[in-house]
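Presented below is the structure to which this report refers.
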Amino acid sequence: MKSIVWKSLGSALVAALVCGNVYAQASDAASGAEAPAASKSTQKAAAKAAHKSNRKLGYAVRKAITKAGGIDVSNITVRSKGGAISLQGTVPDQSQIDKAGEVAKGVAGVTSVDNKLTVQQQ
């Protein structure tokens, strides 16, 4: 009878030690997983801020081209990425292409202008 009690007690002790080690390893893994999650949220916030600044710069360029006058902006698309501006679309004559590019270069925050405007008679 005593041997059965000792065996049961020994088995319970071994099970407790094994479960304790498994629990310790699981909590270590969980704390390691939190670091990438934090960096993901930081990356997401940075991407959101970059998108917002790109939209703001693109809007400023379009507004400047509109205010400059003499340019038909109805078929012009302005895209911005990190200070680089891309102008796409059509205008009635070559002088408007040149003027739109110059106006875009003059906007604060613009680092480069890729002028892909084309002439299309209306």
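As numbered in mature numbering (1 follows the signal peptide of the UniProt record, and there is no 0), residues -26 to -1, 1 to 96 make up the sequence shown, in order.
In this text, a Cβ means the ideal position worked out from N, Cα and C, and glycines have one as well.
All figures in this text were calculated on a predicted structure; none of them were measured in a lab.
Collapsing the DSSP output to three states places Asp72 in a helix. In this structure, the beta-carbon distance from Ala58 to Ser86 falls below 8 Å.
The distance from the Cβ of Leu61 to that of Ala82 is about 17 Å, inconsistent with a contact at the 8 Å cut-off. Within the model, the alpha-carbon separation for Glu76 versus Lys18 is close to 34 Å. For Ile59, the enclosing beta strand (DSSP E) starts and ends at 58 to 65. If you compare the alpha carbons of Ile(-23), Gln95, Arg53, Gly63 with that of Tyr33, the shortest gap goes to Arg53. For Ser54, the enclosing beta strand (DSSP E) covers residues 50 to 55.
The closest CA to that of Pro66, considering only Asn49, Ala38, Val84, is found on Asn49. The secondary-structure analysis by DSSP pairs Leu31 with nothing; it has no beta-bridge partner. The C-beta separation of Val93 from Ile71 comes to about 7 Å, placing the pair in contact by the 8 Å criterion. With a cutoff of 8 Å on beta-carbon distance, Leu91 and Thr64 are scored as near each other. Annotation: Ala23 to Ser13 spans about 15 Å, alpha carbon to alpha carbon.
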